[in-house]
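In the working numbering, the protein residues as written are 4 to 149.
A short worksheet on the structure shown next.
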Amino acid sequence: MTQATGPMDSLQMQCDGELREIRSTVRTVETHLSALGLARDVIDDLNLALTEAMTNIARHGYLSKGGEISLSIRVEGDYLKCQLEDHGVAFNPDALGRSSPDPAELREGGYGWYIIRKLSENLCYARENGRNQLSFWLPTTRHSDL
């Protein structure tokens, strides 16, 4: 994992798409955002969204074989604007639908995309030049309603 770079109100990092590295990256984000004085519930929402997104990249994009994940977060107005990029397998968010997953149909997991959609605004996925790009905004003043 590389060190956080950029001005205090932004953060750019790269990490290997392995669960241990993802946890470490999310802790670094938490420390950085805490230093900015953001509310605990906002930080918790972002941690959950990032953990779900990055874990999905590791498991489904890189098929649990590892690969680099780039992360950019910036505070802009009343939002945390986040972007994740990777070179993993392409993703089709439309295949997952927009409603809550049916627990009877899931063996393990399956809630990640739903959680990210529920917590965020302006959720956007694109595949450009062999890279997956996922971006979303989280309000800095909202309490999670999950």
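Backbone N, C-alpha and C fix where the C-beta goes; we use that ideal spot for every residue, glycine too.
At the level of alpha carbons, what is the spacing between residue 131 and residue 70? Here the question's residue 131 lines up with position 128 in the sequence shown. Here the question's residue 70 lines up with position 67 in the sequence shown. Rounded to whole angstroms, residue 131 to residue 70 spans 17 Å at the Cα level.
Please go through the same chain and pick out, in chain order, the residues whose beta-carbon is closer than 8 Å to the beta-carbon of residue 67, but skip the five residues on each side of it. The sequence position of residue 67 within the sequence shown is 64, counting from 1. Answer for residue 67: 61, listed in chain order.
Residue ranges of each beta strand (DSSP E) run of no fewer than 3 residues wholly in the region 39-87, ordered along the chain? 71-79
Might you give, ordered along the chain, the residues of its own chain that have their beta carbon closer than 7 Å to the beta carbon of residue 41, omitting 5 neighbours on each side? For the purposes of this step, residue 41 is taken as residue 38 along the sequence shown, with counting starting at 1. Excluding residues within five positions, the ones whose Cβ falls inside 7 Å are 143.
Classification of residue 133 by the beta-carbon crowding that lies within 10 angstroms, buried from 16 upward: As a working note, residue 133 is residue 130 in the sequence shown. Classification of residue 133: exposed, given that the 10 Å Cβ count is below 16.
Cβ neighbours of residue 20 in the same chain (closer than 8 Å, five flanking residues each side left out): In the sequence shown, residue 20 corresponds to position 17, counting from 1. Counting only Cβ-Cβ distances below 8 Å, and skipping sequence neighbours, we find 57, 60, 61, 64, 65, 69, 70, 71, 72, 89, 91.
Quick check: the region 22-30 against the region 112-129, are at least 3 beta-carbon pairs closer than 8 Å? no
So residue 16 packs on residue 74, CB below 8 Å; how close in whole Å? As a position in the sequence shown, residue 16 is number 13, starting the count at 1. As a position in the sequence shown, residue 74 is number 71, starting the count at 1. Rounded, the Cβ-Cβ distance is 5 Å, consistent with contact.
Cα-Cα separation, residue 128 to residue 136: Sequence index remark: in the sequence shown, residue 128 carries index 125 (1-based). Sequence index remark: in the sequence shown, residue 136 carries index 133 (1-based). When rounded, the distance between both Cα atoms is 6 Å.
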